[in-house]
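Number 201 marks the last residue of the sequence shown (UniProt numbering); no jumps.
Yeah, the Cβ is synthetic: ideal placement off N, Cα and C, and Gly gets one too.
The structure presented is a predicted model; accordingly, all values stated were derived computationally and were not measured.
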Amino acid sequence: MINTLQKAEIKASFFLTGNFYANPAFAPAIKKLKLQGHYLGAHSDKHLLYNDWQNRDSLLVTKEEFTKDLLANYAKMKAFGIEKKEALYFLPPYEWYNRAIAGWTDEMGLTLVNFTPGTLSHADYTTPDAKNYRSSAVIFDNIIAYENANKMNGFILLSHIGSNPQRTDKFYTYLPKLITYLKNKGYRFVKIDELLREAGK
Numbered sequence: 001m002i003n004t005l006q007k008a009e010i011k012a013s014f015f016l017t018g019n020f021y022a023n024p025a026f027a028p029a030i031k032k033l034k035l036q037g038h039y040l041g042a043h044s045d046k047h048l049l050y051n052d053w054q055n056r057d058s059l060l061v062t063k064e065e066f067t068k069d070l071l072a073n074y075a076k077m078k079a080f081g082i083e084k085k086e087a088l089y090f091l092p093p094y095e096w097y098n099r100a101i102a103g104w105t106d107e108m109g110l111t112l113v114n115f116t117p118g119t120l121s122h123a124d125y126t127t128p129d130a131k132n133y134r135s136s137a138v139i140f141d142n143i144i145a146y147e148n149a150n151k152m153n154g155f156i157l158l159s160h161i162g163s164n165p166q167r168t169d170k171f172y173t174y175l176p177k178l179i180t181y182l183k184n185k186g187y188r189f190v191k192i193d194e195l196l197r198e199a200g201k
């Protein structure tokens, strides 16, 4: 993925957990991303599930637990020279949250972000044995269909930096042709802070 972005001269946004930042095996990749000018943000420290899947209003963490975990994420980012003030956009774990989580995020001076629903780009983590499995070809076709149907003035695609070894059909192999297609349609690829700044958010 990193090599594809570099070849296409694209800057992207990477939201990583504290566990990811703290893993020595990933340090070279993180340093490379930072050196290349990508946006590096927080995704929680321990990838907590904030609220129930069936009852979204039912919290599974307290405000104290939420705050402590997220601050721990930022503390580990600091080891790479990433200050909180430089990474004010936050992607919640599992991309699953409710009004309380959004409010607590705001109280910390952060802006909660998420992918644009409908593209299925986030399904690149699914494995063939799962009911929600989507092949990379299906994901690619769905992004194209979504763009054709909505003619959006920009949208947020979420792709995972890694996936289960059981998923041998890696979506990043489709990135070159997806990038080419969207560029030919007049889209520019920008980091999350630039995208939302232009949108006035």
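Need the endpoints of the alpha helix (DSSP H) that residue i sits in, please.
i	result
Y146	S136 to N150
A75	K63 to K78
F20	G18 to A22
K7	I2 to K7
G103	R99 to E107
E194	I192 to E198
L175	L175 to N184
I'd like to know whether the C-beta atoms of residue i and residue j end up nearer to each other than 7 angstroms.
i	j	result
F171	S136	yes
L59	F90	no
S13	I139	no
F155	I10	no
L157	S121	yes
D52	G18	no
Identify every residue that forms a DSSP beta bridge with residue i.
i	result
S13	Y39
T168	Bridge partners of T168: none, in fact.
T119	Answer by DSSP bridge pairing: none, since T119 is not bridged.
Could you check how far apart the C-beta atoms of residue i and residue j are, in whole angstroms? I think they sit under 8 angstroms.
i	j	result
S5	L40	Per the sequence shown, residue 5 should be read as Leu rather than Ser. Not a contact, Cβ separation roughly 13 angstroms.
(message) Below 8 angstroms, how does it come out for the region 101-109 and the region 133-146: are there three or more Cβ pairs, yes or no?
(response) Because the criterion of three Cβ pairs below 8 angstroms is not met, the region 101-109 and the region 133-146 do not touch.
(request) Please confirm if the region 28-36 is in contact with the region 66-74, defined as three or more CB-CB distances below 8 angstroms between the two stretches. (result) No: fewer than three Cβ pairs fall under 8 angstroms.
(message) Any contact between the region 76-86 and the region 115-128? By contact I mean 3 or more CB pairs, one from each, below 8 angstroms.
(response) With the cut-off at 8 angstroms, the region 76-86 and the region 115-128 do not touch.
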